[in-house]
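Here is the structure we will look at, set down as structure tokens.
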Amino acid sequence: MRPLRLLAFRRLCLAVSISFLPALGQAQEDSITRQTQFESPANIGVVRFTDGLLSVDLQEALLGNVLVEIAQQSGLVLTGSSFLTDKVTVKFDQLPLDPALHLILRGQSYGLFSRSVPRSGVDAARVQRELRIFPRHEGPRVEAAPVGSDGERAPLETSNIAALLTVLETSDDSWEKEDAIQALAESGRREIVLPMSHRALADEDQGVRLTAVYALATIGGIEAVQALTLALEDDDDGVRKQAVVALGNIGGEEAIELLWFEWARDWSQSVRDTAAMELERLGVRVH
């Protein structure tokens with residue numbers, strides 16, 4: 124292991140912006156507070172959310188359907204799950220949502236965000252949780268682009284990229300920054316995503332830093348692994364944990380080396396446990 128690698132990468136600077144996405148509807152807000160017990164249809168398996176704890180018993184269940192069911196029961200806002208065709212077999216009882224989703228989504232790039240959402244006529248905001256699923260990197264990435272009315276993909280216009288690369292520096296809205304990072308990651312433009320992620324990993328907002336981690340997991344490759352060393356030095360254990368998941372998704376010798384380092388030295392038990400799980404998933408025994 125070469126721990127000095129964790130200090131070897133300089134933060135690069137780029138500016139990013141994006142137009143703000145429409146706010147979520149009141150109906151979505153109202154669904155978030157549900158704590159009622161539910162049980163899923165038999166064709167999925169058992170998915171039961173009770174008092175903030177999730178229990179599942181799944182056998183070769185379609186992952187996308189499972190996530191929709193969890194979102195309906197828990198009030199999660201779910202984005203980016205439509206492309207999930209993997210099947211999942213897992214069983215556990217009464218876990219909090221964060222570790223439960225980690226067990227269900229092993230091998231996927233995802234983010235679990237918490238937002239404070241104002242309520243009309245109420246002083247106190249409510250906490251809204253959003254689960255974002257990001258495309259998993261598998262081998263060389265094919266450049267993504269918008270689909271036109273004829274069904275053909277057109278390349279992402281340089282002018283659109285320039286528009287995205289106008290605000291990370293000037294926008295005070297973390298949601299705008301996150302959406303910009305995600306759009307750039309989905310463009311597949313490594314020469315843009317890598318330096319942009321370095322800048323985003325230094326942002327004061329946790330959600331922006333998390334989205335940068337998922338952008339790096341999306342593009343993959345050794346440069347992304349090296350950039351993730353910045354996230355492994357983050358003060359927030361949630362960011363470090365998701366950087367560990369990203370390293371597990373990317374894989375390779377360099378990623379395994381960093382996972383070993385996190386398993387051995389991180390002060391957070393949750394991060395160390397996640398590193399151990401990712402190492403074992405990559406075929407490395409840690410006990």
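The numbering of the sequence shown is the working numbering, which starts it at 124 and goes up by one.
All residues carry an ideal CB built from backbone N, CA and C; glycine is no exception.
The structure displayed is predicted, hence computed values, not measured ones.
DSSP lists Leu176 as the beta-bridge partner residues of Thr173. Judged by DSSP secondary structure, Gln217 falls within the beta strand (DSSP E) whose first and last residues are 210 to 219. Gly187 has its alpha-carbon roughly 5 Å from the corresponding atom of Leu207.
Look at Gly374 here: in three-state DSSP terms it is coil, with no helix or strand label.
Counting only the Cα atoms, Arg322 lies some 22 Å from Ile256. Counting every other CB atom within 10 Å of its CB across the protein chains shown gives Ala285 a total below 16, marking it as exposed.
Residue state for Ala184 is assigned as strand, using DSSP reduced to three classes. Looking at the DSSP output, Gly234 bridges to Arg255. In the structure shown, Thr293 adopts coil according to DSSP, grouped into three states.
Taking C-alpha positions only, Ala223 is separated from Gln217 by approximately 9 Å. Inter-residue distance for Leu355 and Gly371 is about 13 Å (C-alpha atoms, whole angstroms). For Asp360, same chain residues with a beta-carbon under 7 Å away, outside a window of 5 residues either side, are Ser391, Ser393, Val394 in chain order. Contact annotation, Phe215 with Leu228: C-beta distance approximately 13 Å; criterion of less than 8 Å not satisfied. Across the set Thr173, Ala350, Asp174, Ile167, the C-alpha of Ile167 shows the shortest separation from the C-alpha of Asp180. Asp326 and Ser294 have their alpha carbons spaced roughly 12 Å apart. Within the stretch 319 to 378, the complete alpha helix (DSSP H) segments of 4 residues or longer fall at 329 to 342, 345 to 354, 360 to 373, listed in chain order. Between Val191 and Ser178, the C-beta spacing is not below 8 Å. Here Gly175 is exposed: its Cβ has fewer than 16 other Cβ atoms, across all protein chains shown, within 10 Å.
In the assembly as shown, Glu183 is an exposed residue. Its beta-carbon has fewer than 16 other beta-carbons within 10 Å. Relative to the Cα of Gly374, the nearest Cα in the group Glu253, Val348, Trp386, Arg388 belongs to Val348. By the beta-carbon neighbour count (other beta carbons within 10 angstroms, threshold 16), Val331 is buried. The alpha-carbon of Thr202 is positioned some 8 Å away from that of Glu253. Taking C-beta separations shorter than 8 Å and ignoring five residues to either side along the sequence, the partners of Leu307 in its chain run Val139, Ile284, Leu287, Leu288, Ile315, Val316, Met319, Ala338, following chain order.
DSSP links Leu201 through a beta bridge to Leu254.
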